[in-house]
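S.K.: Each residue of the sequence shown is one higher than the one before, starting from 853 at the first, in our numbering.
Every residue gets a Cβ at the ideal spot worked out from N, C-alpha and C, and that includes glycine.
In this text the structure is predicted, and so the values were computed from the model without any measurement.
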Amino acid sequence: TGVTVNGDLTLSAANARVKIEGGTTFSTAHMSGNSSSLGFAPGQTLAGTILFEGVNTGIRTVEMNSSSGTFTIGATGVIRTEVGFAGSAQIGPGSQFGGNMTLVNNGLISSQVSGRTITVGPISFTNNATAEATGGGILTINATNWSNAATGTITGTASTLTFSGAWSNPGSMTLTGGTMNFGGTFTTAGIGTFNNIGGTVNIT
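Now the structure itself:
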């Protein structure tokens, strides 16, 4: 709590977990251990980078370390998969800490390793910036309620995007190759743009 880490955090052991509170900052967190978790306190803002990485095939989780609250990915904040990642990643659902997260993305969420999935599944999610799947990566957004806001961009490039929950899109969604799966309950009020450039769109 209240710590400035002028360097990296490494969560390489199975079940490795760290609580982040009091404005603590770090440059990069490397999450390679099975069932490793970063638990953010309500009100925390990510300014650095979180990398889902490593050959271990288990899950890595970014979650809330309290019963409920808001976690913000700041303008310089990045959460993404790294080359060689063999597991699965999730943002929002509880694993080690179990809190209910409200997630606000003002930075970048990127699934960029072929065949690997980032699942964004908090109670509430607002995308004000960029969420993407590239290089064969898979991005699944299944928050209970979520919105790709007017300033938000969700893109898939030769990759897979899957949406469920109750959601709306005042912003922009673009698929360039790959697959976009529309599921859940879609609200048309304030609809933004959908651009399909040579990909497959499935509506369930």
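Run through DSSP, which three-state label would Glu934 get?
M.R.: Coil.
S.K.: Please classify Ser963: does DSSP put it in a helix, a strand, or coil?
M.R.: Residue state, collapsed to three classes: strand.
S.K.: Contact between the region 979-986 and the region 941-952: three or more CB pairs below 8 Å?
M.R.: Because the criterion of three Cβ pairs below 8 Å is not met, the region 979-986 and the region 941-952 do not touch.
S.K.: Quick check on the DSSP output: the beta strand (DSSP E) that includes Ile1043 runs from which residue to which?
M.R.: Neither: Ile1043 is in no beta strand (DSSP E) and is coded neither H nor E.
S.K.: Three-state secondary structure (DSSP) at Asn980?
M.R.: Reduced to three states, the DSSP call for Asn980 is coil.
S.K.: In terms of alpha-carbon separation, which member of Gly859, Ala866, Ser919, Pro1022 lies closest to Ile911?
M.R.: For Ile911, the nearest C-alpha among the options comes from Ala866.
S.K.: Would Thr1039 pass as a contact of Ser1020 if the rule is Cβ separation under 8 Å?
M.R.: A contact, by the Cβ cut-off of 8 Å.
S.K.: With H, G and I counted as helix, E and B as strand and the rest as coil, what does DSSP make of Val870?
M.R.: Reduced to three states, the DSSP call for Val870 is strand.
S.K.: Among Thr1037, Thr1028, Glu905, which residue has its Cα nearest to the Cα of Ile993?
M.R.: Selected option, being the one with the closest Cα: Thr1037.
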